[in-house]
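In my numbering, the protein residues as written are 417 to 570.
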């Protein structure tokens with residue numbers, strides 16, 4: 417795959433990540449990362465390294481620099497913070513991060529999305545996840561150091 421084609425593919429994945437998806441649609445987002453990992457290109461992707469608002473680069477900032485910009489309870493428990501270089505949005509590793517990590521691992525391990533509703537079992541479209549590569553990907557902590565939650569009270 418040429419560099420421009422790879423860049424276009426990665427940006428198309430980023431566009432998918434910005435959308436509001438139901439759990440049954442997460443496979444559309446997870447599948448490209450599974451393919452990248454299986455092709456050993458996952459090292460080129462940097463999940464959770466861009467701002468959800470403007471796509472600016474995120475950079476780690478000292479905890480003290482965000483005091484007053486994040487809710488007091490968040491400041492009390494969160495140690496690591498990141499700031500968008502463009503819009504100055506603050507992000508932190510929120511409580512949802514572990515749930516998201518487990519959810520992604522489950523999708524990669526089972527090759528399908530967990531149902532939103534116990535009465536429905538929609539499969540991911542399409543499922544290229546199978547075999548040892550999936551087990552390896554599901555066991556890997558490929559989301560580190562991401563999973564930062566945006567500050568909703570700027």
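Cβ atoms here follow ideal geometry from the backbone N, Cα and C, with glycine treated the same way.
* **Under the three-state DSSP convention, the category residue 468 falls into** => coil
* **Burial state of residue 417, where buried means 16 or more other Cβ atoms lie within 10 Å** => Exposed, because fewer than 16 other Cβ atoms sit within 10 Å of the Cβ of residue 417.
* Asked: Can the beta-carbon of residue 474 be found closer than 8 Å to that of residue 483?
  -> no
* For the beta strand (DSSP E) that residue 475 lies in, which residues bound it at each end? -> 474-477
* **Sequence-distant residues of the same chain with beta carbon closer than 8 Å to residue 493, five excluded per side** => none
* **Nearest residue (CA-CA) to residue 503, options 478, 468 and 476** => Ranked by Cα distance from residue 503, the options 478, 468 and 476 are led by 468.
* Asked: What did DSSP end up calling residue 536 once you bin it into helix, strand or coil?
  -> Residue placement at residue 536 cannot be trusted, given a pLDDT of 46 that sits under 50; what the coordinates show is reported in the next sentence. Note: residue 536 maps to coil in three-state DSSP.
* To do: Keeping to the same chain, check which residues put their C-beta closer than 8 Å to that of residue 498; ignore five residues upstream and five downstream.
  => 474, 475, 476, 477, 506, 507, 508 and 564
* **Coil, strand or helix - residue 506 by DSSP** => strand
* Consult DSSP for residue 483 and reduce its assignment to one of helix, strand or coil. => coil
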